[in-house]
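Peer 1: With the numbering used here applied, the sequence shown covers 7 to 405. The beta-carbon is built from N, C-alpha and C at its ideal position, and this holds for glycine as well. One structure follows; several queries about it will come next.
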Amino acid sequence: MSLQDKKILIGITGGIAAYKISFLIRDFVKQGAEVQVIMTPSARTFVSELTLATLSKNPVYSDFYGENGTWNNHVELGMWADAMIIAPCTANTLSKMVHGQCDHLLLATYLSARCPVFIAPAMDLDMYAHPSTRQNLEMAEDFGHIVIPAEEGELASGLVGPGRMAEPETILYAVKNYFLPQHKSLQGKTVLITAGPTYEAIDPVRFIGNHSSGKMGFELAKEAAARGAKVILVSGPTALVPENREIDLHRVTSAAEMLDEVFKHYHHADIAIASAAVADYAPKEIAPEKIKKNDDHLTIELVKNPDILKTMGAQKKQQFLVGFALETQNEEANALAKLEKKNLDMIVLNSLRDEGAGFKNDTNRITIFTKQEQIGFDLKSKKEVAADILDAVEMRLLK
7 MSLQDKKILI GITGGIAAYK ISFLIRDFVK QGAEVQVIMT PSARTFVSEL
57 TLATLSKNPV YSDFYGENGT WNNHVELGMW ADAMIIAPCT ANTLSKMVHG
107 QCDHLLLATY LSARCPVFIA PAMDLDMYAH PSTRQNLEMA EDFGHIVIPA
157 EEGELASGLV GPGRMAEPET ILYAVKNYFL PQHKSLQGKT VLITAGPTYE
207 AIDPVRFIGN HSSGKMGFEL AKEAAARGAK VILVSGPTAL VPENREIDLH
257 RVTSAAEMLD EVFKHYHHAD IAIASAAVAD YAPKEIAPEK IKKNDDHLTI
307 ELVKNPDILK TMGAQKKQQF LVGFALETQN EEANALAKLE KKNLDMIVLN
357 SLRDEGAGFK NDTNRITIFT KQEQIGFDLK SKKEVAADIL DAVEMRLLK
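Structure representation (structure tokens):
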């Protein structure tokens with residue numbers, strides 16, 4: 007596929023790898039794309055604006071105002087683009103992006119962009135490996151941005167290791183691949199997904215909850231939408247936001263609220279995937295005011311929450327129903343018992359005893375059970391796990 011008539015906005019930051027962007031611009035233009043370039047003030051010390059303007063056949067922007075006092079409208083630039091690429095992306099610019107700072111034209115345009123954003127980090131190996139950089143890259147991915155990982159090689163410092171910006175052809179491939187038409191295997195299907203924890207109030211400031219981040223459910227929603235499904239996502243408290251605006255997101259807090267919201271949509275669903283970590287119990291009474299710390303002991307009477315998944319199983323008609331089991335012991339036996347007891351078509355088991363699996367992690371290791379079979383998988387990213395789960399669902403729906 008060519009990129010004919012695609013509008014590509016390239017943001018260049020102040021790193022030595024900026025010289026490679028000349029080759030990237032040339033490749034995009036050869037593909038038929040229209041290219042505009044924005045530079046940070048420090049990027050101008052690494053590469054010539056004249057070179058970039060000549061190759062892109064468009065003016066290069068670096069300040070809010072041109073020499074004649076005209077305003078370089080960052081809002082229009084952000085709305086113009088079909089894709090925005092920040093390459094090289096320094097640790098400094100990355101940090102500013104994910105924390106909403108806006109002190110130059112490139113950042114203002116980034117904050118105004120409505121298109122997919124590709125990030126090609128470039129920095130020395132210790133900077134690339136630093137926990138703050140890893141966290142910022144994870145945050146960027148949580149925003150829905152596409153990170154093109156740095157490669158290993160000789161760096162400007164003379165050290166050798168990861169941190170080198172991906173080659174221009176790698177960046178070009180990532181963008182082309184994004185625009186490839188995808189096979190819409192779930193076109194015409196409605197997929198209902200639950201995600202995240204539930205919080206059960208004790209008083210106005212305290213609650214009973216768990217450590218679920220919602221990442222697994224949001225990845226499932228993203229993957230189902232990419233396959234053409236109409237996706238309804240019911241999420242407990244989480245900071246995550248779906249990158250696909252067509253995902254129908256409903257936010258809830260408690261198990262009771264999740265139950266109500268699920269059954270507004272369940273009877274119209276073709277596939278239901280219950281990945282939420284619903285609290286099993288809730289306080290019998292919620293204190294109207296903050297409970298004061300007056301005594302050495304506090305007793306809170308708990309009552310059982312409604313079993314959302316069991317209720318879904320009991321009312322199942324055309325739905326293909328998938329549950330999750332997070333276990334710490336007797337994992338397989340507990341998962342199979344849940345599969346049977348709750349009338350599920352499939353259950354996804356993960357164990358907290360597996361390193362890298364479970365809550366908060368970006369990875370998971372799962373085993374899928376049906377009444378007829380079990381399939382084990384290695385540790386993978388939750389994005390890959392979501393694809394594995396939906397592949398398994400589709401395979402059984404087509405039987």
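Would a C-beta distance cut-off of 9 angstroms place K344 and G329 closer than the cut-off?
Peer 2: Against a cut-off of 9 angstroms, the Cβ pair of G329 and K344 comes out as a contact.
Peer 1: Just to confirm before moving on: does the CB-CB distance between A49 and G21 stay below 9 angstroms?
Peer 2: Contact: yes.
Peer 1: Please work out which residues of its chain come closer than 7 angstroms, Cβ to Cβ, to L315, disregarding the five sequence neighbours upstream and downstream, and give them in chain order.
Peer 2: Same-chain partners within the cutoff: A280, G329 and K348.
Peer 1: Mark L186 as exposed unless 16 or more other C-beta atoms lie within 10 angstroms of its C-beta, in which case mark it buried.
Peer 2: Answer is exposed; the Cβ neighbour count stays below 16.
Peer 1: Is DSSP giving A180 helix, strand or coil here?
Peer 2: Correct three-state label for A180: helix.
Peer 1: Considering only residues of the same chain and omitting the five flanking positions on each side of E295, which have a CB-CB separation below 8 angstroms?
Peer 2: Only D209 and P210 meet the Cβ criterion.
Peer 1: Count the other CB atoms, across all protein chains shown, that sit within 10 Å of the CB of Y272; report buried if there are 16 or more and exposed otherwise.
Peer 2: Buried, by the Cβ-count rule.
Peer 1: Quick check: what's the CA-CA separation for L9 versus D360?
Peer 2: Each residue's alpha carbon lies about 43 angstroms from the other.
Peer 1: I'd like the span of the beta strand (DSSP E) that includes L350, first residue to last.
Peer 2: L350 -> no beta strand (DSSP E), and no H or E assigned at all.
Peer 1: List the whole-angstrom C-beta distance separating G215 from T244, where the pair is believed to meet the contact cut-off of C-beta under 8 angstroms.
Peer 2: That pair is no contact at about 11 angstroms.
Peer 1: I'd like to confirm the pairing. Which residues does DSSP put opposite P289 in its beta bridges?
Peer 2: DSSP output for P289 lists L308 as bridge partner(s).
Peer 1: Name the two residues that bound the continuous alpha helix (DSSP H) containing Q325.
Peer 2: Segment: none, Q325 is in no alpha helix (DSSP H) and carries neither H nor E.
Peer 1: Evaluate N356 with the Cβ neighbour count: other Cβ atoms within 10 Å of its Cβ, from every protein chain shown; 16 or more gives buried, anything less gives exposed.
Peer 2: Its Cβ being crowded by 16 or more others within 10 Å, N356 is buried.
Peer 1: Are the CB atoms of P47 and S68 within a distance shorter than 9 angstroms?
Peer 2: Cβ atoms of S68 and P47: closer than 9 angstroms.
Peer 1: Look up Y205 in the DSSP assignment and say whether it is helix, strand or coil.
Peer 2: Here Y205 sits in coil by DSSP.
Peer 1: So is N183 buried or exposed if we call it buried at 16+ other beta carbons inside 10 Å?
Peer 2: Exposed, since its Cβ has fewer than 16 Cβ neighbours within 10 Å.
Peer 1: Nearest by alpha-carbon distance to F269: which of P174, L239 and K377 is it?
Peer 2: Taking only the C-alpha atoms, the option nearest F269 is L239.
Peer 1: Return helix, strand or coil for T60, following the three-state DSSP convention.
Peer 2: Three-state DSSP puts T60 in a helix.
Peer 1: Which residues in the same chain as G234 place their Cβ atom closer than 6 angstroms to its Cβ, once the five residues preceding and following it in sequence are excluded?
Peer 2: Cβ neighbours of G234 beyond the five flanking positions: K190, L192 and Q193.
Peer 1: Leaving out five residues before and five after G84 in sequence, what residues of the same chain have Cβ atoms less than 6 angstroms from its Cβ?
Peer 2: If we look at G84 and ignore the five residues flanking it on each side, its Cβ neighbours are T115, S118 and A119.
Peer 1: Closest to K290 by C-alpha separation, out of I18, H274 and P312, would be which residue?
Peer 2: Nearest of I18, H274 and P312 to K290, Cα basis: P312.
Peer 1: For the stretch 82-128, list the alpha helix (DSSP H) runs that are entirely contained and at least 4 residues long, ordered along the chain.
Peer 2: DSSP runs (the alpha helix (DSSP H)) wholly in the stretch 82-128: 97-104 and 111-118.
Peer 1: Is it right to say K388 is buried, meaning 16 or more other beta carbons lie within 10 angstroms of its own, or is it exposed?
Peer 2: Buried.
Peer 1: Under the assumption that I381 contacts V354 (Cβ atoms under 8 angstroms), give the Cβ distance between them as a whole number of angstroms.
Peer 2: At roughly 10 angstroms, the Cβ-Cβ gap does not stay under 8 angstroms, so I381 and V354 are not in contact.
Peer 1: Go ahead and label N142 buried or exposed: buried means 16 or more other beta carbons lie within 10 angstroms of its beta carbon, across all protein chains shown.
Peer 2: So N142 counts as buried.
Peer 1: Enumerate in chain order the residues of its own chain whose CB-to-CB distance from A275 is below 8 angstroms, with the five nearest sequence positions on each side excluded.
Peer 2: Excluding residues within five positions, the ones whose Cβ falls inside 8 angstroms are T196, V197, L198, I238 and Q325.
Peer 1: Can you round the beta-carbon distance between L113 and K102 to whole angstroms, since I take them to be within the 8 angstroms contact cut?
Peer 2: Indeed, because the Cβ distance is near 6 angstroms, the residues count as touching under 8 angstroms.
Peer 1: Based on the DSSP secondary-structure assignment, which residues constitute the bridge partners of D254?
Peer 2: Beta-bridge pairing links D254 to I238.
Peer 1: Does the Cβ of V160 have 16 or more other Cβ atoms within 10 Å, making it buried, or fewer, making it exposed?
Peer 2: Per the sequence shown, the amino acid found at residue 160 is Glu instead of Val. By the 10 Å Cβ count, E160 comes out exposed.
Peer 1: Can you have a look at T96 and say buried or exposed, based on whether 16 or more other CB atoms are within 10 angstroms of its CB?
Peer 2: Buried: at least 16 other Cβ atoms inside 10 Å.
Peer 1: Considering Cα atoms alone, identify which of I277, L56, L226 and A87 is closest to K390.
Peer 2: Lys is not the amino acid found at residue 390; the sequence shown has Glu there. Checking every option, the nearest Cα to that of E390 belongs to L226.
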